[in-house]
Each structure stands twice: as structure tokens, then as C-alpha cells.
Amino acid sequence: MSLSRSPSPRPGGGWSSPGLNSPYANVSGRSSPAKSYRESNGGSSVTWESAKAKSDGINGYPSFSTQNNGFFNRHYRTISNSLPHFNLGSDKSYAEKEKLGRGRWMGREGSRMARVRSLVRRVSRNMKLRYLVVIALLAMYFLFYLTPLHYYWRRAKHLGGGKKFVVILAANQGGGVMEWKGPREWAIERDSVRNKKKYTNRWGYDLEIVDMSTKKRYAHEWRESWEKVDTIRNCLRKYPDAEWFWWLDLNTFVMEPSYSLQSHIFNNLAATTYRDINEYNPLNITHPFPAAHLDEEARSPIGDGKASSINLIIPQDCSGFNLGSFFIKRSAWTDRLLDVWWDPVGYEQKHMEWEHKEQDALEFLYINQPWIRPHTAFIQQRKINSFPEGACSENGNDTRIHYNEKERDFVVNMAGCEWGRDCWGEMYNFRELSNYLNRTLWEKFKEDLVAVIWFKITGQKIRI
Amino acid sequence: MHLAFPLRKSSNPPPYANRSARFPVLRRSRVQAIILCACAVGAVIFIISQLFGGGDGVPSGSPPVVIVTVLDPENYNKEYINNIKDNRIEYARKHGYVTFFPTAKDYVLDGAPDTWAKIPAIRHALTKFPYSTYVWYLDQNSLIMNPEMTIEGDIMNPKKLESLMIRDQSVVPPDSVIKTFPYIKGANIDFALTQDKEGLVQGSFIIRKGDWSKFFLDTWFDPLYRSYNFQKADTHALEHIVQWHPTILSKLALVPQRTMNSYYKGDTETGTYKDGDFVIRFPGCDQAGRSCQGEAEPFSKQWKTAFRER
């Protein structure tokens with residue numbers, strides 16, 4: 001240190017000045033980014049002169065950035081937004097004359113991207129936000145409905161909840177040994193299965209098609225064709241995530257595939273079902289259970305009244321319970337019911353009488369065993385099990401029972417069509433009706449407008 | 001490149017920091033106060049709910065066990081019936097239990113034998129004492145001999161029950177193919193009973209209250225079983241449902257006979273009453289040539305002294 005006093009507060013330090021050969025030669029008095037600059041330009045061997053010369057003259061520009069200096073630079077964006085815009089695409093000379101650019105008017109180059117970019121820049125912030133929202137909505141729509149995403153969404157447990165529902169379709173009833181299937185039977189089966197497949201795929205439910213053909217499967221040959229219980233039990237095991245199981249006979253048709261089970265029934269279970277059988281009681285069952293020694297819940301007409309205690313949902317037709325379409329929920333109660341539903345002692349005494357098998361047995365249990373009632377709910381038949389005109393027709397058309405096209409009933413069950421009615425004909429008619437009722441806007445436009453006009457003009461009926 | 005110098009700090013900083021919002025609603029001090037208040041309110045609510053709620057809704061002092069005995073005052077004299085009653089009542093008083101003595105005529109049996117009456121009687125007891133955990137059905141012709149034994153401690157306590165229960169045992173001796181489950185937890189048991197040489201015994205058994213008990217009793221009481229000609233009415237009905245329905249078998253525990261069902265004249269060595277046993281029963285004493293009253297007489301004195309000395 002040859003100086004008499006150090007000009008800097010740093011002990012032993014000093015201004016780095018020309019000719020001083022200190023180890024801190026590249027350290028100026030202040031620690032500043034200058035260091036990194038110098039290093040990048042040759043490291044410690046850079047001398048003051050060379051650095052000065054370099055920064056001063058060589059490129060002719062001031063050594064530090066002029067960004068953010070001056071009125072124009074600071075307000076360029078806001079001013080230019082409100083100015084009329086000239087297309088400067090290829091007119092470089094304009095920019096040169098004005099001396100504004102210095103090569104920074106890159107955005108105005110003629111490329112397509114640049115044009116888009118400048119367009120975007122000129123749109124005001126608010127409008128940008130609005131456009132963005134619209135684009136995002138469109139993108140989401142496409143992503144959701146044109147990809148399988150909506151299927152997984154509807155299926156997922158905590159989103160759509162489709163995994164919680166399993167549709168059990170009893171196919172091939174009585175087939176095999178008892179009767180031979182003809183082409184009509186095959187057609188019925190094909191249509192029915194396709195209908196359910198479409199429905200379950202749409203909402204992310206599971207579909208279990210059960211072969212109900214008569215086979216010698218049990219050591220007790222009695223039990224043949226009492227397979228509902230075993231089937232439901234197998235499904236309970238096969239779909240461990242599922243909560244509700246919907247049993248459907250083969251001769252059913254989902255007329256309104258746009259109804260989800262959740263919105264149609266389960267989101268508001270307490271309102272869509274009724275617990276007190278006295279509301280509609282074709283069997284004239286004494287309800288509540290006529291015994292004084294039972295607990296309050298068993299003697300109450302509605303059990304505990306909570307939707308969470310419902311484990312079985314059955315519709316009633318003109319002659320009692322109908323098990324062509326019913327729901328059963330996974331629970332300890334259900335395990336018990338499935339366990340005692342079929343019992344050899346009951347079977348031995350009643351099998352001649354119980355021609356509807358499980359259905360009669362269930363009615364019997366409901367009438368005689370009080371523990372069944374607080375967990376059973378009934379649902380209006382037309383919610384899940386509308387009948388065609390031919391079924392239950394002794395008393396004419398009943399608004400509680402028969403399908404109503406105007407009110408868009410959910411499911412049709414052609415119950416008993418195998419006894420003297422035309423199953424395939426009914427199935428076909430309902431399929432066509434369902435297609436007709438659920439036409440898309442485009443189809444309606446074609447059929448209701450274009451085809452009609454064409455008919456008026458040319459007198460020919462066409463099918464587009 | 002030289003970067004601009006950072007702005008100089010003022011030598012005279014303002015004494016207060018600038019407000020960020022115009023009206024700061026949640027100052028730090030206030031936030032603390034609010035959280036403390038919320039905690040305090042929560043604590044008070046918790047304490048109140050603990051004081052008045054009573055946890056699982058069981059009122060304190062409700063008896064843990066109901067002893068049910070269906071009496072037959074028509075065929076037995078008053079003295080005998082009263083002796084039976086006193087025996088149950090004193091035992092119940094000792095442990096804070098309650099007793100329930102209906103008669104067969106209280107229930108509609110649709111022409112089935114009177115032995116069926118115990119099923120609605122137990123259901124009735126479950127209704128009358130909804131907060132009792134266990135129902136112990138004890139047949140009329142039997143006496144409690146050891147007042148020290150308790151139902152919830154010496155039999156139904158899950159640990160104790162696991163050591164007592166007989167696993168992998170044919171339900172109907174000697175060789176029924178349906179056997180009790182080999183691996184089953186004491187806590188899952190809802191129904192404890194005993195077996196003698198003939199089969200399941202229904203003179204003394206314990207049921208835990210719950211949905212299962214209702215299901216079980218209602219199933220057992222099904223009119224089709226009542227009208228079916230089982231050789232021994234309700235006994236065979238029970239054996240039938242236990243063997244056919246696994247939801248019942250999986251809740252059942254067989255305990256050694258002398259746990260609660262010692263016989264006065266046992267047909268097997270293991271079942272015969274010895275001093276210190278919990279219960280003595282006189283099965284078949286109502287048959288011709290035997291007298292229930294006579295057989296019970298010596299034991300009546302014995303239970304009274306046993307109850308008094310402790």
C-alpha cells in the first residue's frame with residue numbers, strides 16, 4: 001500500500017487504480033456486478049485501459065443500458081396501444097428514418113407469428129381476459145367430451161361416482177334346458193344388452209350380464225332358478241367398490257339414457273322413495289308390524305326415516321312387489337337378507353305356492369319378519385319400472401303403472417310378455433320410440449324441417 | 001455492463017411503516033385474540049357436550065344385562081315360581097342387572113308350542129331395555145348358584161370368550177358337517193350358548209343387542225318354522241338356521257356346558273353340576289315321574305346361603 005491513507009473503508013483495500021498491482025486488481029471499491037462483466041471478458045488480466053477502451057468506444061454505444069430511460073421508453077406500450085397502428089410489416093425504411101428502432105422493432109417483422117403477436121399486443125387487457133375465458137371453456141369442452149375423460153370423470157368415486165353402481169342384467173332366462181332360443185329371442189337379447197351397455201358406458205357404471213340359463217348347479221336341485229341371490233352375492237364380491245346394485249330383467253329397456261341414476265334417484269333418495277307401504281299397498285299388508293313387543297324402529301311406519309338406512313328399493317306393480325327392476329345396497333343387512341332369502345324349510349312348504357320364487361319369498365319375509373321393514377323402501381313404479389299397456393291391464397290404463405311417453409319415463413319393463421304377448425315387437429317399438437324421443441338437434445332439423453319441406457315440394461317421403 | 005445503483009435509503013426513515021390496506025381488519029394482535037376466543041368457545045362446547053351428552057347416548061346407570069325368564073304360572077305353584085323369581089332378582093340386584101318375567105300367554109304364537117315364547121320375549125326385552133348390552137335368557141327350571149359370576153366379565157368379555165369358545169366343533173353332535181368357525185374374534189360374537197349330548201341347548205344363552213339380534217330373533221321366529229313339524233319345535237328350528245345360514249353361524253360361540261348350563265343329573269361327565277358352577281338346570285324335570293320342585297328344593301337352600309354369606 002503506497003497510499004498514505006486508504007480511501008476505502010475496507011482494510012487493506014483501495015480503489016483499484018491503474019498501475020497498482022494488488023491482488024484485488026479486479027475488485028473495485030464497491031462490490032458490484034462489474035466483476036462478473038470483467039471476468040467474462042478475460043478475467044483478471046483485464047487492465048483498466050483495456051476495459052475502458054472497450055466500454056467507451058468500440059461499439060459506439062453507451063456502456064450501460066438505456067432501457068427505462070426517457071419518456072418514450074417508459075411509456076411506449078401505453079401510448080402505442082392508443083395510437084393508430086400502421087402496418088409496418090416490410091417497411092423497414094420507416095423505422096430507420098425515425099431512428100426509433102435500432103433493431104428493436106422485431107415485432108413488426110413480416111412473419112405470421114409476429115403479426116399475431118402484435119395483434120395480441122394491441123388487444124386491451126380486459127378483452128384479452130375475456131377471449132382467454134372463452135378459449136379455455138371451448139378447450140375444456142373438447143377435452144372433456146371428445147376424449148374419454150368424461151367417462152373416467154363420471155366413473156371416479158369422488159367425482160361422478162359411477163363406480164358405485166352396478167347394473168346386473170339377467171340374460172338367457174330359462175334358456176338352455178327349458179326352451180330353445182329362436183331368432184326373436186336372440187334379437188331381444190342383443191337389443192337389451194346393447195341398450196344397457198350404452199347406458200352404463202355413458203355414465204361410467206359397471207354392467208354385469210348374468211347367464212340365467214337353467215343348469216343343474218346345486219346339490220339341492222330345488223334351488224334351481226332361484227339364482228338371484230347367488231348372482232347378487234357374486235357381484236358383491238366382484239365389484240368391491242360398488243355400493244348399489246341394480247337388478248334388471250332381460251325384457252327391460254332404458255328409454256332415457258340421459259338420466260343418470262344419481263340425478264334420477266340417489267341424489268335425493270328420501271324424496272324419490274317412500275317407506276310407508278300404506279301409500280300404495282296392493283297386497284294389503286298390515287303396516288307397521290302388528291306386534292307390541294317390537295322396538296320403536298320396527299313399529300314405526302317409516303323405520304328411522306333416514307335415507308341412509310335404506311338398503312333395498314323395490315317398485316310395486318298391480319299385484320305386489322316387482323323384482324324385474326330393483327336396487328339393493330351393499331350392507332350387513334343385505335348379507336343377512338341374501339342369506340335367509342332362500343331357506344329349505346320355507347321352500348319345502350311353499351314352493352308350489354310361490355310361483356314367482358324370490359319375489360314371493362321376499363313378500364313373505366316382508367310380511368312376517370319385522371327386521372326387514374325398517375330398511376326397505378319402495379319407489380313409484382314408473383320411476384324405474386314402467387309397464388307397457390299389455391301388463392297389469394285388467395283395470396285399464398293406470399297412471400301409476402303404465403309407461404307415459406310425455407313424461408319421459410326412465411325404464412320400460414315388458415313384464416310377462418312371454419305369456420302370450422309379442423316380446424320382440426314390444427322391444428322393437430320401445431327401442432324406436434326411445435331413439436325418436438332422444439334425437440339430437442341435428443336429427444330433429446333434418447327430420448322435422450328438411451324432410452318435411454322436401455315432402456311438400458316433391459311429394460316424396462325421404463329418410464335422411 | 002454497469003447496473004444502476006440501488007436507490008439510496010433515506011437517512012430519516014419514516015417512524016411508522018406504511019399501511020398496506022386502508023382499514024386493516026385483521027391486525028396481528030386481533031388475529032391472535034380471535035383464535036384464542038374460538039379455541040375457548042370450542043373448549044366450552046366440548047365440555048358441555050361431555051357433561052350433558054353422555055358419549056354414546058347411553059344414560060348412566062342403565063343395566064348392562066337383562067335376565068329374561070319366561071314363567072309358566074299355570075303349571076307350577078306359586079311358591080316355586082317365587083323362589084325362581086327371587087333367585088334372579090337377588091342376583092340381578094347384586095350386579096346392577098334387571099330382570100324380566102313375561103309369560104307365554106303374553107305373545108301371539110299362532111298355535112305353536114309355548115316354548116316358542118322365549119323368542120318374542122327376548123325381542124321384547126331388547127325393546128324395553130334398549131340400553132342394556134346383553135340379554136341373558138335363563139329357562140324357568142334353573143337356578144343361579146354362584147352369585148360372583150358376571151355376564152359381561154366372566155363370559156362375554158371378548159378376551160375371556162376367546163379362551164372359552166369351542167372352535168371347529170360340530171354344531172349338532174356327534175357328527176354334523178357344519179362346524180363352528182375355527183378363527184373368530186371374541187369381539188364379533190353376538191350369541192353365546194352351550195351344547196349338550198343332544199345338540200344346542202336353549203335353556204341358557206346370551207344375546208348381544210344390535211341389528212344382528214333383531215335379525216336373528218325374527219328369522220328364528222319365522223312362521224314357516226313354527227308351522228313346520230320340527231321334532232323338537234324351537235330347538236330344531238335353531239339348529240336348522242344355524243346350519244343353513246352362515247350369517248348366523250359366524251356370530252355364534254359355543255362355550256363349555258358348565259359355564260352357564262350345568263345339569264342336575266348330567267348325561268355327560270362334563271355337563272354335571274359341581275359346587276361353584278354358575279347355574280344349575282333341571283332339564284326334563286317336567287316329564288312324568290319327576291318333580292321340578294322336589295329336585296330344586298335342596299339347591300334352593302344352597303343358593304340362599306351362598307347369596308347371603310357374601
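The listed protein sequences derive, respectively, from chains A and B.
Counted from 1, the first sequence has number 447 at position 447 by the UniProt record's numbering; the numbering is strictly sequential.
Counted from 1, the second sequence has number 176 at position 176 by the UniProt record's numbering; the numbering is strictly sequential.
Where a beta carbon is used, it is the ideal one built from N, C-alpha and C, also for glycine.
For the pair of segments examined, the segment 359-374 of chain A was found not to touch the segment 384-391 of chain A: the number of CB pairs separated by less than 8 Å stays below three. Straight-line spacing of the CA atoms in A/R336 and B/F216 works out to 9 Å.
A straight-line Cα-Cα distance of about 39 Å links A/W153 and A/S118. For A/Y436, the enclosing alpha helix (DSSP H) begins and ends at 423-437. At least one CB atom of chain B sits nearer than 8 Å to the CB of A/A332. Among the residues of the segment 212-242 of chain B, those with a Cβ less than 9 Å away from any Cβ of chain A are W212, K214, F215, F216, L217, D218, T219, F221, D222, P223, L224, Y225, S227, Y228, F230, A237, H240, I241, in the order of the chain. For B/G186, the CB contacts under 8 Å within the same chain, skipping 5 residues up- and downstream, are N157, P158, K159, K160, L161, E162, M165, A253 in chain order.
With its beta carbon at least 8 Å from every one in chain A, B/L109 lies outside the interface.
Note: A/K329 is bridge-paired with A/W244 in the DSSP secondary-structure output. The residue from A/R373, A/F142, A/L132 with its alpha-carbon nearest to that of A/N278 is A/R373. For the segment 114-127 of chain B, the set of residues with a beta-carbon nearer than 7 Å to any beta-carbon of chain A comprises P120, R123, H124, L126, T127, in chain order.
A/Y274 is bridged by DSSP to A/F378.
Put simply, of B/T133, B/E148, B/N83 the residue whose alpha carbon is nearest the alpha carbon of B/W212 is B/T133. Scanning chain B for C-beta atoms nearer than 7 Å to the C-beta of A/N251 yields nothing, as the closest lies near 31 Å away. Taken in chain order, the members of the segment 364-384 of chain A whose beta-carbon sits within less than 7 Å of a beta-carbon on chain B are N368, Q369, P370, W371. For A/V345, the chain B residues whose Cβ falls inside 7 Å of its Cβ are L224, Y225, Y228, H240, in order along the chain.
Ranked by Cα distance from B/A92, the first of B/V242, B/Q243, B/M145 is B/M145.
The C-alpha of A/G162 lies about 9 Å from the C-alpha of A/S260. Residues K446, E447, V450, A451 of the same chain have their beta carbon placed closer than 8 Å to that of A/I464, with the five preceding and five following residues left out of the count. At a cut-off of 8 Å between beta-carbon atoms, B/T247 makes contact with chain A. For A/S263, the enclosing alpha helix (DSSP H) covers residues 261-264. Taking the Cα positions, B/V172 is about 20 Å away from A/D339.
With contacts defined as CB atoms closer than 8 Å, A/W226 and A/K357 qualify as a contacting pair. Take the alpha-carbon of B/L51 and the one of A/E296: they are about 27 Å apart. By the rule that beta-carbons nearer than 8 Å mark a contact, A/R336 touches chain B. For a Cβ distance threshold of 7 Å, residue set Y107, P120, R123, H124, T127 of chain B lies close to A/H293, ordered along the chain.
The beta-carbon separation of B/F221 and B/I151, rounded to 23 Å, does not stay under the 8 Å limit for a contact. Using a Cβ distance threshold of 8 Å, B/I67 and B/Y107 do not count as a contacting pair. Ranking A/I302, A/H293, A/P344, A/S434 by CA distance to the CA of B/K128 puts A/H293 first. Among the residues facing chain B, A/D339 is included, as its CB has a counterpart in that chain under 8 Å away. For B/T115, the three-state secondary structure derived from DSSP is helix. Rounded to the nearest whole angstrom, the C-alpha separation of B/K232 and B/I47 is 56 Å. Contact between A/Q316 and A/Q381 is confirmed by a C-beta separation of about 6 Å, below the 8 Å threshold. In the assembly as shown, A/H158 is an exposed residue. Its beta-carbon has fewer than 16 other beta-carbons within 10 Å. One thing to note: B/V135 has its Cβ no nearer than 8 Å to the Cβ of B/S204.
Beta-carbon to beta-carbon, A/D206 and A/Y239 are separated by about 6 Å, close enough to satisfy the 8 Å threshold.
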